[in-house]
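Novice:
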Amino acid sequence: MFPLVSLPLPGEVLLITDELLASADFLLHHFLARHLKESKDSASMIVFLSEDIGRWKAIAGKSNVNLSGHMDNQRLSLIDAMSLISPALESSTMVPLRDLYDGIRDALQNHANHREQSMLVILDDLATLEWIGIAVEEVAQFSRALCALCRQRNAALVLRHHIVSPGEPDEVFKRLLQLCDYHLDVFPLSSGRSGSVSGQVALHCGHASAEATNRLISRNAAVQYRLTDTGSTFFDRGTGNGVL
Amino acid sequence: MIEQPYSISRSYIRTVESSQQSTTLAHFHYEVSPATSAMSAFKRRTTSKQPPPPIGTRPSPGSPATTITSTGIPSLDDILGGGLPLSCSLLVLAPDAHSAYGELVLKYFASQGLACGQRICVVDARPDAFLSECMWMPGSSGAASAQSNSPTPAPPTAAEDEEDEKASEHDTKIKIAWRYEQMKQFQTTVQSPDQSADDYCRRFDLTSRVPESTINSALSEGRYLDVRPDESSFSEDESSCRRVLRRVAEILAKAESDSPSASALATHAIVTRICIPALGSYEWGDLSPQDVCYFLHSLRALLRRHPRACAAMSVSPHLCQETYGGPGWVQKLGWLTDASITLAAFTANPSLSAMFSSHHGLVHIHSLPAPHTLLPPSDKFSTLRGLTSSGENNLAFKCMRKRLIFETLHLDVEGGVSERRTTPSSSAFAMEAGTGHDHDHLHQPSTIPLPGGASVAAVQVQLEQVHMAPSVPESQPDLPPAKPESAFKKAKVKKKVAFTSERPDLYDF
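Line order of the protein sequences matches chains W and E.
Per UniProt numbering, the first sequence starts with residue 1, numbered consecutively.
Per UniProt numbering, the second sequence starts with residue 1, numbered consecutively.
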């Protein structure tokens, strides 16, 4: 399969970007399910902004992961980002993302107190923060603080950002690229939607990593994937493995 | 001994044939399945304990956890994967300022809600005007007909557009080559349900209006609520978006507390449809792109908390353009809603409407609802999009006299201009008449310089005419017997006689 096995390592930041025709939801779900299945000591935190918890549960259920059970075992914590952001958005004096950062920090601390375990933090959407009116500078500062926090706690961090203008990187994306160790680039086929190929994935090296330990994949040789009910299958382009 | 292998092979062939049929009709099988599963001996006992789905809804063919409801347009339902899932939002973008196809889709959405007894909440400055303009079922009791001279309740076939009827008549009359005769007819859209089918999707007719009594009864039963974005509130600095969100949240919370959930009475659960026909129109005040994004994002989060509500929105035309929201604006809108489509009408572009004369606009799909799955159910179950076999089909819409249809867009058989018809349609005549005029104009300049005789060009024309003249009497007697085989050619001949009476036509082939 696609060499996603060692991504993301503890203390590393993985940036995932996607486009509207090729959503990277499946990668987030894949990382979560794999991490929770990996060992009994692994724990996760989902900070959800766009995808509601019902969808997380439904999709995790398809890959035999019972999120409710994990929440009861304190192996999984959920943070509804919007509930922490909206009060600050309505008042003009508060720093909008401060509460969210504090919430994540407290939850991480909570996990660390509980037991020694490998931690995965998933933030499902950064782009929307900017779209709903939070300044680029705020979003950049928040993500920098979050990356620093996760590196300090030796937790793996997955950030997802939407690309709406391919070819013209937006300001948030430029900042995120400086912060991440790896950049997973999910993009659609240039010929439009297809029933047998859902999209393509490329892996780039981020600015924060000194040298890449994983094999990088350029956009020209991107690995294609196809979504199924339970997950995804990857295949090299032109091989027809996923089609036949 | 010889018979047996033969019969085996025959039955084998038959099963192959039937399996092929079943794959092509997979979509319809799924629609039937709720009824047939009730008869199955292997029904799980647990499922019988579950309350039946709320009125006007059905489980999604793709994932049983998802409940879908109809938009009122069967072909749009097909694109969405059977219907709009509850707790999801649908955004219809109609960037063309000269038409109102987005609002039309919203009217279908509201009509469907009224017709099957769901609660509708109209967010508009003039909700009553919006609702009174909604379409209704033909021939239903008290349906106010917009056309005074055709009040007769039409049988299902008469509900077809006249144009369509003609076309289908021609199609059946055509003598088809024997090897293609067994193939099913080429279809560009999905079938509408029968009038008697069920509440799920009614068959609406654009020529009839919703009766006053229906609106009044919905109002008295509390199934029609309105939210006005321009109403004044205590805190004036509150933006219209936040005010609307607050009001909608109150309405949904009230609906939730009214309907007794998780009990046997849950059969009375009523779905709430939120209709926003013109988000961002002037009544909403000055909306920044951030306000719109915040509104869409919060509305979706709100719907997720209320599993028996869904929303359809249409955005005011100027909001659909990138000049309003910056680069990637349409993509942002797609990310912030569950389903978003653009109806790009041709009205502003005469060349497009000439090229696709049988359609009124193109349909672009940006996002599709997948509330419980990775893959939108539409990818598997949409006949129109046709992703199961190959790449996605091009889609277009047309608004006929009686209904709005989404269908696949094909080039002509010759890769040509307009329609797949064997007999000329009225548009072909119009085009022919147009070209006739062109000929006329072409001749005019050539005749005018003749009397002057000063320019070289005029002399050349004269010479050509001299050359052409002898050939005409030869060809003229041949033409009449060959021509009258169709009305199309007849008209052509007539026109020529009328326009060029004395001289022969240079361009006569």
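Virtual Cβ for every residue (Gly too), placed ideally from N, Cα, C.
Does E:E238 come out as helix, strand or coil in the three-state DSSP assignment?
Specialist: Within the second sequence, the letter at position 238 stands for residue 238 of chain E. Correct three-state label for E:E238: coil.
Novice: Return helix, strand or coil for W:S196, following the three-state DSSP convention.
Specialist: Counting from 1 along the first sequence, the entry for residue 196 of chain W is found at position 196. If DSSP states are grouped into helix, strand and coil, W:S196 belongs with coil.
Novice: In angstroms, rounded to a whole number, what distance separates the CA positions of E:C116 and E:G56?
Specialist: As a working note, residue 116 of chain E is residue 116 in the second sequence. As a working note, residue 56 of chain E is residue 56 in the second sequence. Distance between the alpha carbons of E:C116 and E:G56: 6 Å.
Novice: So, for W:L15: in the same chain, excluding its five sequence neighbours on each side, which residues have a beta-carbon less than 6 Å away from its beta-carbon?
Specialist: Sequence index remark: in the first sequence, residue 15 of chain W carries index 15 (1-based). Closer than 6 Å at the Cβ level, and outside the excluded window around W:L15, lie L159, L176, C180 and H183.
Novice: What are the boundary residues of the beta strand (DSSP E) that W:A155 is part of?
Specialist: The residue given as residue 155 of chain W occupies position 155 in the first sequence. It is not in any beta strand (DSSP E) - W:A155 carries neither H nor E in the DSSP assignment.
Novice: Taking 7 Å as the threshold (beta carbon to beta carbon), is W:W56 in contact with chain E?
Specialist: Numbered from 1 along the first sequence, position 56 holds the residue referred to as residue 56 of chain W. No, its Cβ sits nowhere closer than 7 Å to a Cβ of chain E.
Novice: Output, in sequence order along the chain, the residues in the segment 146-167 of chain W whose CB is closer than 7 Å to any CB in chain E.
Specialist: Flagged, chain order: H162, V164 and S165.
Novice: If distances are taken between C-alpha atoms only, which option among W:L28, W:S6 and W:P8 comes closest to E:L374?
Specialist: Taking the second sequence and counting its residues from 1, one reaches residue 374 of chain E at position 374. If we check each option's Cα against that of E:L374, W:L28 comes out closest.
Novice: Drop a sphere of 10 angstroms on the beta-carbon of E:Y180, count the other beta-carbons inside from all chains shown, and report buried for 16 or more, exposed for fewer.
Specialist: If you number the second sequence from 1, residue 180 of chain E lands on position 180. Counting Cβ neighbours within 10 Å, E:Y180 comes out exposed, since fewer than 16 surround it.
Novice: How many Å lie between E:A312 and E:G102 at the Cα?
Specialist: The sequence position of residue 312 of chain E within the second sequence is 312, counting from 1. The sequence position of residue 102 of chain E within the second sequence is 102, counting from 1. When rounded, the distance between both Cα atoms is 10 Å.
Novice: I need the boundaries of the beta strand (DSSP E) containing E:I276, first residue and last residue.
Specialist: Position 276 of the second sequence, counting from 1, holds the residue named residue 276 of chain E. Where E:I276 is concerned, the enclosing beta strand (DSSP E) stretches over T272 to L279.
Novice: On the premise that E:T71 lies in contact with E:G82, defined as a C-beta separation below 8 Å, what is that separation, rounded to the nearest angstrom?
Specialist: Locating residue 82 of chain E in the second sequence gives position 82, where the first residue counts as 1. Locating residue 71 of chain E in the second sequence gives position 71, where the first residue counts as 1. In fact, because the Cβ distance is near 10 Å, the residues do not count as touching under 8 Å.
Novice: Ends of the beta strand (DSSP E) at W:I134?
Specialist: Numbered from its first residue, the first sequence carries residue 134 of chain W at position 134. Careful: W:I134 lies outside any beta strand (DSSP E) and carries neither H nor E.
Novice: Pick from W:D170, W:P169 and W:Q224: whose alpha carbon is nearest that of W:G195?
Specialist: Within the first sequence, the letter at position 195 stands for residue 195 of chain W. The shortest C-alpha separation from W:G195 is found at W:Q224.
Novice: Note the first and the last residue of the continuous alpha helix (DSSP H) segment covering W:M45.
Specialist: As a first step, residue 45 of chain W must be located in the first sequence, where it is residue number 45. Where W:M45 is concerned, there is no enclosing alpha helix (DSSP H), although the beta strand (DSSP E) it sits in stretches over A43 to F48.
Novice: Give me the chain W residues within the contact set of E:D379, using Cβ-Cβ distance strictly less than 9 Å, ordered along the chain.
Specialist: The sequence position of residue 379 of chain E within the second sequence is 379, counting from 1. Chain W residues near E:D379: R193, G195, S198 and L227.
Novice: According to a CB-to-CB cut-off of less than 7 Å, which residues of the segment 107-120 of chain E neighbour chain W?
Specialist: So the list is empty, because no residue satisfies the distance condition.
Novice: Do the segment 350-362 of chain E and the segment 316-324 of chain E meet, that is, are 3 or more Cβ pairs less than 8 Å apart?
Specialist: As far as the Cβ criterion goes, the segment 350-362 of chain E does not touch the segment 316-324 of chain E, which means the pair count is below three.
Novice: Taking Cβ to Cβ, would you say W:D185 is nearer than 7 Å to W:A202?
Specialist: The residue labelled residue 185 of chain W in the question sits at position 185 within the first sequence. The residue labelled residue 202 of chain W in the question sits at position 202 within the first sequence. Closer than 7 Å, so yes.
Novice: Report buried or exposed for E:E213, applying the criterion of at least 16 other Cβ atoms within 10 angstroms of its Cβ.
Specialist: Counting from 1 along the second sequence, the entry for residue 213 of chain E is found at position 213. Per the sequence presented here, residue 213 of chain E reads as Ser, with Glu not at that position. By the neighbour-count rule (16 or more Cβ atoms within 10 Å), E:S213 is not buried but exposed.
Novice: Starting from E:H364, trace the beta strand (DSSP E) in both directions and tell me its first and last residue.
Specialist: Your numbering for residue 364 of chain E matches position 364 in the second sequence. Taken as a continuous stretch (DSSP letters only), the beta strand (DSSP E) holding E:H364 covers G361 to S367.
Novice: Which residues in chain E sit within 7 Å of W:G133, going by Cβ to Cβ distance?
Specialist: Taking the first sequence and counting its residues from 1, one reaches residue 133 of chain W at position 133. What W:G133 touches in chain E: Q290 and Y294.
Novice: Against chain E, which members of the segment 8-25 of chain W pass a CB distance test of less than 7 Å?
Specialist: So the list reads L20 and D25, given in the order they occur along the chain.
Novice: Return the CA-CA distance between W:A221 and W:F187, expressed in angstroms with no decimal places.
Specialist: Here residue 221 of chain W corresponds to residue number 221 of the first sequence, with the count starting at 1. Here residue 187 of chain W corresponds to residue number 187 of the first sequence, with the count starting at 1. Whole-angstrom Cα-Cα distance: 12 Å.
Novice: Could you name each continuous beta strand (DSSP E) segment of 3 residues or more that falls completely within the segment 372-419 of chain E, going from the start of the chain to the end?
Specialist: Counting only runs of 3 or more, we get 395-399 and 404-408.
Novice: The beta strand (DSSP E) with E:Y324 in it runs from where to where?
Specialist: Reading the second sequence from its first residue, position 324 is the one you call residue 324 of chain E. Counting along the chain, E:Y324 falls outside any beta strand (DSSP E), though it belongs to the alpha helix (DSSP H) covering E322 to G325.
Novice: When you compare the CB of W:D185 with every CB in chain E, is at least one pair closer than 7 Å?
Specialist: In the first sequence, counting from the first residue as 1, residue 185 of chain W sits at position 185. With 7 Å as the cut-off, W:D185 does not count as an interface residue toward chain E.
Novice: Could you tell me which chain W residues have their CB closer than 7 Å to the CB of E:P371, listed as they occur along the chain?
Specialist: Position 371 of the second sequence holds residue 371 of chain E. The answer, in chain order, is R55.
Novice: Using the Cα positions of W:Y156 and E:A249, report the straight-line distance between them to the nearest angstrom.
Specialist: Looking up residue 156 of chain W in the first sequence gives position 156. Looking up residue 249 of chain E in the second sequence gives position 249. Reading off the sequence, residue 156 of chain W comes out as Ala, not Tyr. Their backbone Cα atoms lie some 37 Å apart in a straight line.
Novice: May I have the straight-line CA-CA distance separating E:I120 from E:G325, to the nearest angstrom?
Specialist: Walking along the second sequence from the start, residue 120 of chain E turns up at place 120. Walking along the second sequence from the start, residue 325 of chain E turns up at place 325. Their Cα atoms are separated by approximately 30 Å.
Novice: By how many angstroms is the C-alpha of W:R55 removed from the C-alpha of E:S48?
Specialist: In the second sequence, residue 48 of chain E corresponds to position 48, counting from 1. In the first sequence, residue 55 of chain W corresponds to position 55, counting from 1. Bear in mind that a pLDDT of 49 at E:S48, under 50, signals an unreliable position, so the number given afterwards is only what the model happens to contain. E:S48 and W:R55: Cα-Cα distance of roughly 25 Å.
Novice: Measure from the alpha carbon of E:Y108 to the alpha carbon of each residue in E:L93, E:M135, E:D96 and E:R126, then state which is nearest.
Specialist: Position 108 of the second sequence, counting from 1, holds the residue named residue 108 of chain E. Nearest of E:L93, E:M135, E:D96 and E:R126 to E:Y108, Cα basis: E:M135.
Novice: Would E:E231 be called buried (16 or more neighbouring beta carbons within 10 Å of its own) or exposed?
Specialist: In the second sequence, residue 231 of chain E corresponds to position 231, counting from 1. Classification for E:E231: exposed.
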